[in-house]
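J.: Letter by letter, the sequence shown follows residues 835 to 1111 in my numbering.
For each residue, glycine too, the CB sits at the ideal point set by N, CA and C.
Before we start, here is the structure in question, set down as structure tokens.
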Amino acid sequence: MDDVTERPIAERVRTVLARGAAGTVGSGLLTRPLRSARVRDDGVIVLVVDVGGMSREVGESAGIASVGGSAAVEIVDTVCTGRCRRPTAGPSFAVDGRPSARDRRGGEPAAGARATPCDDECAVARGVVTISGIVTASSAPRRRRLVAADGGPGPNGEAGSLRLSELQPLGVTYLCADGAYVIPRGDLAAATVDPIGIDEQAWLRRLGADSGLAARLALRAGRQIAGTRPWIVGIDRFGLDLSVGSPAGPREVVRMPFTQVCDHSADVQSELDRLGW
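Given below as structure tokens:
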């Protein structure tokens, strides 16, 4: 199958940020949880930093996202593929990457089925976004209730302090299995958000509901599936990513490109029909 489309890395990074992906932000020797990092059209990156447990004076003196200081951001491009079979579409980890409080308590979700945290059989990390730059504006810490990605409370159901900062990026990179990519900040600002990738987790849960789809795709790609557990680990407007391999052995990610660039769900449905959904 010919790959007639190519995924722009800048678009991938901007889409990851637009989903509200969290990570860490560091300044000097200190690192704090990053709740979100979004790109404005002028190229400035707006950070929401968790400074809970620190006084305003300590935060400023330590240079945590303070004006004029340098900051380094790291965000893991992680997605819940739906294999955890949770009743909700959100991931089972909190927005800062920790298990949600409900999972650690062993609580029950609304549907009455026990929540199962994502593990290596469900949550898949495709790459790491790193951003370095200078903080050009920063708000005072604001008390906010920390909310997990699945709608539950924060780690202990507590409120925390969040700081809104603006970062002028000096360097943006994306590290993945294909290599390390340097994204010029102008390219990142000009990139669009993938209309399919922004809802990737919802799409993966829908595709995962068809237990035979991944096997049919693997056969279509010319892969042997005897003794393997193929599963779909990614989707964007350019195609699908399929993981193939034995349960205990190494896995290979196979790209299944679409024949057209998909701008909305009807386009994706047409491509999936062609691929045998």
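Name, in chain order, the residues that DSSP records as bridge partners for aspartate 884.
T.: As a first step, residue 884 must be located in the sequence shown, where it is residue number 50. In DSSP, aspartate 884 forms a bridge with Leu996.
J.: Among Ala1048, Ala906, Gln1002, which residue has its Cα nearest to the Cα of glycine 860?
T.: As a first step, residue 860 is located in the sequence shown; it is residue number 26 there, counting from the start. Ranking Ala1048, Ala906, Gln1002 by Cα distance to glycine 860 puts Ala906 first.
J.: Kindly indicate the opening and closing residues of the beta strand (DSSP E) around aspartate 1075.
T.: Looking up residue 1075 in the sequence shown gives position 241. Looking at the DSSP string, the run of the beta strand (DSSP E) that includes aspartate 1075 is 1073-1079.
J.: How big is the Cα-Cα spacing for arginine 853 and glycine 1061?
T.: Against the sequence shown, residue 853 aligns to sequence position 19. Against the sequence shown, residue 1061 aligns to sequence position 227. The alpha-carbon of arginine 853 is positioned some 35 Å away from that of glycine 1061.
J.: State the Cα-Cα distance for the pair leucine 1053 and glycine 1046, rounded to the nearest angstrom.
T.: Here residue 1053 refers to the residue found at position 219 of the sequence shown. Here residue 1046 refers to the residue found at position 212 of the sequence shown. Whole-angstrom Cα-Cα distance: 11 Å.
J.: Under 7 Å Cβ to Cβ from serine 870, same chain only, skipping five residues before and after it: list those, please.
T.: Residue numbering aside, residue 870 sits at position 36 when the sequence shown is read from its first letter. The beta carbon of serine 870 sits closer than 7 Å to those of Gly854, Ala856, Val882, all from its chain and outside the five residues before and after it, given in chain order.
J.: From arginine 1040 to isoleucine 968, what distance separates their C-alpha atoms?
T.: Translated into positions along the sequence shown, residue 1040 becomes position 206. Translated into positions along the sequence shown, residue 968 becomes position 134. When the Cα atoms are used, arginine 1040 and isoleucine 968 turn out to be separated by approximately 41 Å.
J.: What does the alpha-carbon distance come out to for the pair isoleucine 1066 and glutamate 1105?
T.: The residue labelled residue 1066 in the question sits at position 232 within the sequence shown. The residue labelled residue 1105 in the question sits at position 271 within the sequence shown. Their Cα atoms are separated by approximately 15 Å.
J.: Nearest to threonine 1093 by alpha carbon, out of Val1087, Leu1074, Glu1086, Cys956?
T.: Sequence index remark: in the sequence shown, residue 1093 carries index 259 (1-based). The shortest C-alpha separation from threonine 1093 is found at Leu1074.
J.: DSSP three-state label for threonine 970, please.
T.: Position 136 of the sequence shown, counting from 1, holds the residue named residue 970. Reduced to three states, the DSSP call for threonine 970 is strand.
J.: Mapping DSSP to helix, strand and coil, what is arginine 1054?
T.: In the sequence shown, counting from the first residue as 1, residue 1054 sits at position 220. Helix.
J.: Would you list, in sequence order, the uninterrupted beta strand (DSSP E) runs of no fewer than 3 residues that lie entirely inside the region 848-883?
T.: 857-861, 864-873
J.: Go ahead and pull the three-state DSSP assignment for glycine 916.
T.: Taking the first residue of the sequence shown as position 1, residue 916 is located at position 82. Residue state, collapsed to three classes: coil.
J.: Would you mind working out which of Ile1032, Arg1085, Ser1077 sits nearest histidine 1098, comparing C-alpha positions?
T.: Working through the sequence shown from its first residue, we reach residue 1098 at position 264. When only C-alpha atoms are compared, the closest one is Ile1032.
J.: Name the two residues that bound the continuous beta strand (DSSP E) containing valine 1087.
T.: The residue given as residue 1087 occupies position 253 in the sequence shown. Element bounds for valine 1087: 1085-1091.
J.: Measuring alpha carbon to alpha carbon, tell me which of Thr858, Pro1064, Val1088, Gly886 ends up nearest alanine 974.
T.: Position 140 of the sequence shown holds residue 974. Comparing Cα-Cα distances from alanine 974 to each of Thr858, Pro1064, Val1088, Gly886, the minimum goes to Gly886.
J.: If we ignore side chains and look at the alpha-carbon of each, how far apart do arginine 846 and proline 1064 end up?
T.: Taking the sequence shown and counting its residues from 1, one reaches residue 846 at position 12. Taking the sequence shown and counting its residues from 1, one reaches residue 1064 at position 230. Going from the Cα of arginine 846 to the Cα of proline 1064 covers about 24 Å.
J.: For threonine 1007, list the residues DSSP reports as bridge partners.
T.: Here residue 1007 refers to the residue found at position 173 when the sequence shown is read from its first residue. Thr964, Val1016.
J.: So, does the CB of cysteine 1096 fall closer than 8 Å to a CB anywhere in chain B?
T.: Absence of chain B from the displayed structure is noted, only one protein chain being present.
J.: For leucine 1009 and threonine 970, I'd like the C-alpha separation in whole angstroms.
T.: Taking the first residue of the sequence shown as position 1, residue 1009 is located at position 175. Taking the first residue of the sequence shown as position 1, residue 970 is located at position 136. Approximately 26 Å between the Cα atoms of the pair.
J.: Answer with buried or exposed for glutamate 1086, where buried requires no fewer than 16 other C-beta atoms within 10 angstroms of its C-beta.
T.: Translated into the one-based positions of the sequence shown, residue 1086 becomes position 252. Glutamate 1086 comes out exposed.
J.: Please tell me whether isoleucine 965 and isoleucine 879 are closer than 8 Å, where the distance is taken between their beta carbons.
T.: Taking the sequence shown and counting its residues from 1, one reaches residue 965 at position 131. Taking the sequence shown and counting its residues from 1, one reaches residue 879 at position 45. It is a contact, given that the beta carbons lie within the stated cut-off.
J.: Do aspartate 1070 and arginine 841 have their CB atoms nearer than 8 Å?
T.: Within the sequence shown, the letter at position 236 stands for residue 1070. Within the sequence shown, the letter at position 7 stands for residue 841. A contact, by the Cβ cut-off of 8 Å.
J.: Glycine 916 and leucine 1038: beta carbons closer than 8 Å?
T.: Taking the first residue of the sequence shown as position 1, residue 916 is located at position 82. Taking the first residue of the sequence shown as position 1, residue 1038 is located at position 204. Yes, the Cβ-Cβ distance between glycine 916 and leucine 1038 is below 8 Å.
J.: Going by DSSP in three states, aspartate 1124 sits in which element: helix, strand or coil?
T.: With the chain covering 835 to 1111 only, the question about residue 1124 has no answer from this structure.
J.: Among Val1088, Ala844, Pro1091, Val1095, whose alpha-carbon lies nearest the alpha-carbon of valine 963?
T.: Taking the sequence shown and counting its residues from 1, the one referred to as residue 963 is at position 129. For valine 963, the nearest C-alpha among the options comes from Ala844.
J.: With distance defined between alpha-carbon atoms, name the residue in Val1006, Phe1072, Leu1001 nearest to valine 901.
T.: Counting from one through the sequence shown, the residue named residue 901 turns up at place 67. Nearest C-alpha to valine 901: Leu1001.
J.: With a cut-off of 8 Å on the beta carbons, I'd call valine 1078 and arginine 1057 a contact; round off their distance for me.
T.: Looking up residue 1078 in the sequence shown gives position 244. Looking up residue 1057 in the sequence shown gives position 223. The pair is a contact, with the Cβ atoms about 5 Å apart (cut-off 8 Å).
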